[in-house]
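Peer 1:
Protein chains: 2
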Amino acid sequence: MALIVQKYGGTSVGNPERIKNVAARVTKYRQQGDQVVVVVSAMSGVTDNLIKLAKAIMPLPSEREMDMLLATGEQTTIALTAMALHALDIDAVSLTGAQAGIVTDGVHTKAKIQNITPKQVHALLDSGKVVIVAGFQGQTAEGQITTLGRGGSDLTAIALAAALKADLCQIYTDVDGVYTADPRIVPGARKLNEISYDEMLELASLGAKVMQSRSVEFAKKFGVVFEVRSSLNDNPGTIVKEETESMEDVVIRGVSLDKNQAKVTIVGVPDKPGVAARIFKGLADAAINVDMIVQNVSRNTESPSTDLSFTVDKPDLAKAGKVIETLKAEIAFREANTDENIAKLSIVGVGMRSHSGVAAKVFETLAAESVNIEMISTSEIKISVIIALAKGEQAMKAVHQVFIG
Amino acid sequence: MALIVQKYGGTSVGNPERIKNVAARVTKYRQQGDQVVVVVSAMSGVTDNLIKLAKAIMPLPSEREMDMLLATGEQTTIALTAMALHALDIDAVSLTGAQAGIVTDGVHTKAKIQNITPKQVHALLDSGKVVIVAGFQGQTAEGQITTLGRGGSDLTAIALAAALKADLCQIYTDVDGVYTADPRIVPGARKLNEISYDEMLELASLGAKVMQSRSVEFAKKFGVVFEVRSSLNDNPGTIVKEETESMEDVVIRGVSLDKNQAKVTIVGVPDKPGVAARIFKGLADAAINVDMIVQNVSRNTESPSTDLSFTVDKPDLAKAGKVIETLKAEIAFREANTDENIAKLSIVGVGMRSHSGVAAKVFETLAAESVNIEMISTSEIKISVIIALAKGEQAMKAVHQVFIG
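So the protein lines, in turn, are chains A and B.
Using numbering that gives the first Met the number 0, the first residue of the first sequence is number 0, and each one after it goes up by one.
Using numbering that gives the first Met the number 0, the first residue of the second sequence is number 0, and each one after it goes up by one.
1) Taking Cβ-Cβ distances shorter than 9 Å, what residues in chain B pair up with Thr116 of chain A?
2) Using beta carbons (cut-off 9 Å, strictly below), is Glu64 of chain B in contact with chain A?
3) With DSSP as the reference, please indicate the residues paired to Glu226 of chain A in a beta bridge.
4) Have a look at B:Ala78, B:Arg333, B:Met65, B:Asp257 and flag the residue whose alpha-carbon is nearest the alpha-carbon of Ile184 of chain B.
5) Does any heavy atom of the ligand GTP sit closer than 8 Å to the C-beta of Ala188 of chain A?
6) When the cut-off is 9 Å and only beta carbons count, does His85 of chain B lie next to chain A?
7) Can you find the residues in the same chain that come closer than 6 Å, C-beta to C-beta, to Lys396 of chain B, ignoring five residues on each side of it along the sequence?
8) Looking at chain B, is there any beta carbon in it that lies within less than 9 Å of the beta carbon of Gly187 of chain A?
9) Give every residue of the same chain whose Cβ lies closer than 8 Å to the Cβ of Gly350 of chain A, excluding the five residues on either side of it in the sequence, and list them in chain order.
10) Note down, in chain order, all residues in the stretch 14-32 of chain B with a beta-carbon under 9 Å from any beta-carbon belonging to chain A.
11) At a Cβ threshold of 9 Å, is Ala55 of chain A touching chain B?
12) In terms of residue numbering, what span does the beta strand (DSSP E) encompassing Phe309 of chain B cover?
13) Does Met374 of chain A get closer than 9 Å to chain B when you measure Cβ to Cβ?
14) Taking all protein chains shown into account, decide if Ser355 of chain B is buried (16 or more other Cβ within 10 angstroms of its Cβ) or exposed.
15) Could you name the residues of the same chain whose beta carbon sits closer than 7 Å to that of Gly150 of chain A, not counting the 5 residues immediately before and after it, in chain order?
16) Report the neighbours of Pro182 of chain A on chain B: residues whose CB is nearer than 7 Å to its CB, in chain order.
17) Identify the residues that DSSP records as bridge partners of Ile101 of chain A: which are they?
18) Could you pull out every residue in the same chain whose Cβ sits closer than 6 Å to the Cβ of Asp173 of chain A, ignoring the five residues on either side in sequence?
19) Quick check on Leu49 of chain A - is its C-beta less than 9 Å from some C-beta in chain B?
20) Three-state secondary structure (DSSP) at Val370 of chain B?
21) Three-state secondary structure (DSSP) at Thr155 of chain A?
22) Determine the chain A residues that contact Gly142 of chain B at a beta-carbon separation under 7 Å, and present them in chain order.
23) Based on Cα-Cα distance, which residue from A:Ala342, A:Lys381, A:Ile346, A:Ser353 lies nearest to Asn371 of chain A?
24) Please list the terminal residues of the continuous alpha helix (DSSP H) segment that includes Leu49 of chain B.
25) Inspect the beta-carbon positions of Val401 of chain B and Thr377 of chain B and report whether they are closer than 9 Å.
26) What would DSSP say about Asn336 of chain B, mapped onto helix, strand or coil?
27) In chain A, which residues lie less than 7 Å from Ala122 of chain B when you measure between Cβ atoms?
28) Among B:Ala276, B:Arg189, B:Pro303, whose alpha-carbon lies nearest the alpha-carbon of Val254 of chain B?
29) Quick one: what's got a C-beta closer than 6 Å to Asp197 of chain B's C-beta in the same chain, skipping five residues either side?
30) By Cβ distance, which residues of its chain are closer than 6 Å to Phe279 of chain B, with the 5 residues on each side in sequence left out?
31) Would you kindly work out how many angstroms separate the C-alpha atoms of Val120 of chain A and Pro272 of chain A, rounded to a whole number?
32) Output yes or no for whether 9 Å exceeds the beta carbon distance between Glu241 of chain A and Val347 of chain A.
33) Any idea which residues DSSP pairs Ile382 of chain A with across the strands?
34) Just to check my reading of the structure: Ser229 of chain B and Asp153 of chain B have Cβ atoms closer than 8 Å, yes? What is that Cβ distance to the nearest angstrom?
35) Give a yes or no on whether 9 Å exceeds the smallest Cβ distance from Leu147 of chain B to chain A.
36) Just by C-beta distance, which residues in the stretch 153-181 of chain B are closer than 7 Å to chain A?
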């Protein structure tokens, strides 16, 4: 008898038929004698409709009230899922995030889980019930309803698995697992049987964008082994876990392409302390997420100046450009350029650490394809390059071919 | 500065435009310096849609899970209403039933309010906020979400008004108030300026069926004066309150016609103790609501037997007939007849007590219209007669004409 936490996303519970399918799958595990906790998202489309309603009332609704509103989406799903299990004669009970003991901080719309008191869930499991928990939501110590932001339901599942010391945590989605590359772009892409937390983090934007990095970080921190698998079939998925030695036998775990980035280059930035801090503080204050940052050494020792490039999400590019313009007087750089026709190609694998020459082979491969590299950034287990958007898929296929096949 | 509780039903908050209208009305009171608590129902149609979703999953969903599901309807409205007030620069905050301190028993889908701890609501009001409370819902002492059943939002408003010692409780609806008769049937029907709790209770089915009797009973028990008024205009409504002496000057407060009743007559019932108890226990066990019961004296002293008639809601008639048939062997009555072509005409007024001859005048009026009376039942302030359905409206108009004009 195992204690299993299963998480089903919005598509998997998108209508009554699909909710019944979820119930059938849960029933299979339950009838094997397993204890099952089911975490569900809002039915697909429901959250968007609620947001549309709110926007019809005011353009920028209060975040506290958005949480009050959006929390109804998951609450609807848990009740329907419990009913679907009852229809199969399985004893089941639904709990809101608050009822499940999920306590968060008070940062509405992107609250962080502070702790989970799983007493109630344990008691219900021990009484033979399947426990259905609303994903994406919690409550502050003062009883305010909060939501966890993007990827919140995954986080609920992983945090519950940690708090309950579950034997297994299954993240059900509409893909079979984590792939070496997006199979829609790279026909030779393969499903991975296992992947380390760090690789999964680096590949967060890989393929079908299966998971937000915060859930993976949480899992890594608390050592929660989880499986990403499909709710449409019974194929085994991809196990995400701490790195093992054998994992290093594989040089490259996967290749990802992010087309949602844009590049800002600031030319002729005075090379003195505090300048970079000023720039990135300005961007942070405007709530702009910066991904890659590249700065090279000064080229002129008399009037030392440098060029600074960084990438942001494409929708933030205009805002980022404006922030930089407002800093021109203060920082006295020469000029700033933006480019949204770029893509970020990343090659990830813990094996990279013990296999030399990976970077060289990547650059070689790109050169053979006549792909110009605009920026390079590396970590211990990742190489990312910024290249022209138009060459993105071609470059991805070539690198996948060379390293994975 | 007054403390006002306002309740808006599903039609009044049926879409974003209407929610904005509600916010505008609340703002008017707030800007006069009043403290306002707003109780809202689910947007019209929302509850029905949720029920449809549940039925698509199983025909008879668990009542606990129905409460979990339906509570989302009001939760959606409170968030949207708070946003609409924010859009008008009014400080406002939404609370679920649980957050507002509404504690109920554990009878899911028709829970009773056990107590209200209004500390949180008072604190928020004192900090200058409009407080929006989800109607129709509460929470048990153990933290289970419950709903209050039909008319639950009215009950929330009246119970909150009692707990908060509010100066005013306004029930907003889509009619101008309580009428002397349904204006769609009786063109001369007038809106009442005031009415006693008891009259309101007797007239519960009058006109537009403005309120469930349980809310009126609660108001009477706790002495909550409330006003039924329209959310579509600024006309004063009808004040519902304890009877005053001047109310007795008016003989008849109103006339109502209930076309939703059906009649069962059991002929030749042995006149011995326990028989009536057996019959009505059988009906109660089948969850059939009985309204009027009429039994006359035995007509035969040698083999004493009597005829027993009662009325039930029309949709329950077939079920009631079956229950009676199953009792035939046990009770040995001669035969049972059912009739759904009847209507109940009721004449209500506290003045009836001090004005003699009201019943005689009612019967005279009906005789002049050639309306045959099938059953009669009276209380201190009400006369009800069962007549043929086809004569119902004609009889109602005639009685209204004679007593009210």
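Each residue gets a CB set at the ideal place from its N, CA and C atoms; glycine is no exception.
Model, not experiment: these values are computed from the prediction.
Peer 2: Once the coordinates are examined:
1) In chain order: nothing, as chain B lies at least about 12 Å away.
2) yes
3) A:Gln169, A:Ile238
4) B:Asp257
5) For the structure depicted, the ligand GTP is absent and the ligand set is empty, with no information on it obtainable.
6) Against chain A, the CB of His85 of chain B has a partner CB under 9 Å away; the residue lies at that interface.
7) Val185
8) Against chain B, the CB of Gly187 of chain A has no partner CB under 9 Å away; the residue lies outside that interface.
9) Met246, Glu247, Asp248, Val249, Val250, Ile251, Arg252
10) Asn14, Pro15, Glu16, Ile18, Lys19, Ala22
11) yes
12) First-last of the beta strand (DSSP E) with Phe309 of chain B: 304-312.
13) no
14) exposed
15) Met210, Gln211, Arg213, Ser214
16) Ordered by position in chain B, no residue passes the 7 Å Cβ test against Pro182 of chain A, which lies about 34 Å from the chain.
17) A:Ile115
18) Thr10
19) yes
20) Three-state DSSP puts Val370 of chain B in coil, outside helix and strand.
21) helix
22) Gln98
23) A:Ala342
24) 45-56
25) no
26) strand
27) Within chain A, no residue comes near Ala122 of chain B; the closest Cβ sits about 12 Å away, beyond 7 Å.
28) Between Val254 of chain B and the set B:Ala276, B:Arg189, B:Pro303, the nearest pair of CA atoms involves B:Arg189.
29) Ile380
30) none
31) 53 Å
32) no
33) A:Ile346, A:Thr377
34) The Cβ separation is near 15 Å, so there is no contact.
35) no
36) none
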